[in-house]
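Trainee:
Residue numbers (our numbering): 341 to 575.
Put into structure tokens, the structure is as follows:
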């Protein structure tokens, strides 16, 4: 006979797998182990009963202590054997592992040096809240400019992914790099919008434009009004 002070746990152990809302949890696993134990010997039987908790019932404190020891041992088994874990915990571990590998990749891989030149913050699995407030098109242009994955000459001329029909030059005749639209003389009438992002030397502070909340807003405003990131030789 097993006494349990949780009625929800009792219901989960008694219900069929299809009705058991705790499927995949330790309760579902315990249910399967109990059934396996009973089926191994027809002479075996098990009775589950509810007992109220914290009612000064003799043996309750001792049972709680043993339950804590059992759960600690189970957690140790999980850490060592990786036999089972909850879905939520597995997802959390996967995300943490993914983020660690991502940070390691960006810090060690020279191929991403040009991208890292504009960033001041480590990689994150969730975007900053202020990015979500940008209009979709402005956010897309910002991402293209920051990553270099867009309508830019270096992107179109990658060794294994060349785009022979792409326009490689801006209307001004210069190559379309990801930062060129910010200083292109064709759009000089709009470049005063970027003045708050200029250093004392007059040069643009690209780290500010691509990492700071206010800088990103300046980039979005300039890109939207000037349409500098939509230019090519045919327009």
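We put the beta carbon where it would ideally sit given N, CA and C, even for glycine. Predicted model, so just to flag it, every value in this text is computed and none were measured.
The alpha helix (DSSP H) spanning residue 550 covers which residue range?
Mentor: Residues 546-551.
Trainee: Who are the Cβ neighbours of residue 374 in its own chain at under 8 angstroms, not counting the five residues just before and after it?
Mentor: 353, 386
Trainee: Ignoring anything shorter than 4 residues, give me the alpha helix (DSSP H) runs that lie fully in the stretch 496-564, in order along the chain.
Mentor: You should have 546-551.
Trainee: Quick check on the burial criterion: 16 or more other C-beta atoms within 10 angstroms. Buried or exposed for residue 527?
Mentor: buried
Trainee: Using the Cβ count rule (16 or more neighbours within 10 Å means buried), how would you classify residue 473?
Mentor: The C-beta of residue 473 has fewer than 16 other C-beta atoms within 10 Å across all chains shown, which makes the residue exposed.
Trainee: If you draw a straight line from the C-alpha of residue 565 to the C-alpha of residue 530, how long is it?
Mentor: 8 angstroms
Trainee: I think residue 549 touches residue 542, with their Cβ atoms under 8 angstroms apart; what is that distance to the nearest whole Å?
Mentor: Not quite, the Cβ-Cβ distance comes to about 15 angstroms (not below 8 angstroms), so this is no contact.
Trainee: Counting only the same chain and skipping the five closest in sequence on each side, list residues whose C-beta sits under 7 angstroms from that of residue 524.
Mentor: So the list reads 510, 512, 568, once near-sequence residues are dropped.
Trainee: Measure the C-alpha to C-alpha separation of residue 553 and residue 470 and round it to an integer number of angstroms.
Mentor: Looking at the two C-alpha atoms, the distance is approximately 7 angstroms.
Trainee: What separation, rounded to the nearest whole angstrom, lies between the Cα atoms of residue 392 and residue 483?
Mentor: 58 angstroms
Trainee: I need the DSSP call for residue 352, collapsed to helix, strand or coil.
Mentor: In the structure shown, residue 352 sits in a helix (DSSP, three-state: H, G or I).
Trainee: Hey, would you say residue 388 sits closer than 8 angstroms to residue 435, going by beta carbons?
Mentor: no
Trainee: Of the residues 344, 546, 401, 426, which one's Cα is nearest the Cα of residue 369?
Mentor: 426
Trainee: When you compare only the Cα positions, how much space is there between residue 409 and residue 402?
Mentor: 11 angstroms
Trainee: Is the beta carbon of residue 522 sitting closer than 8 angstroms to the one on residue 544?
Mentor: yes
Trainee: In whole angstroms, what separates the C-alpha of residue 539 from that of residue 467?
Mentor: 27 angstroms
Trainee: Are the beta-carbon atoms of residue 355 and residue 390 separated by less than 8 angstroms?
Mentor: Result no, Cβ atoms of residue 355 and residue 390 do not sit closer than 8 angstroms.
Trainee: Rounded to a whole number of angstroms, what is the C-alpha to C-alpha distance between residue 492 and residue 485?
Mentor: 9 angstroms
Trainee: How many angstroms separate the CA atom of residue 475 from the CA atom of residue 502?
Mentor: Using only the alpha carbons, I get a separation of about 30 angstroms.
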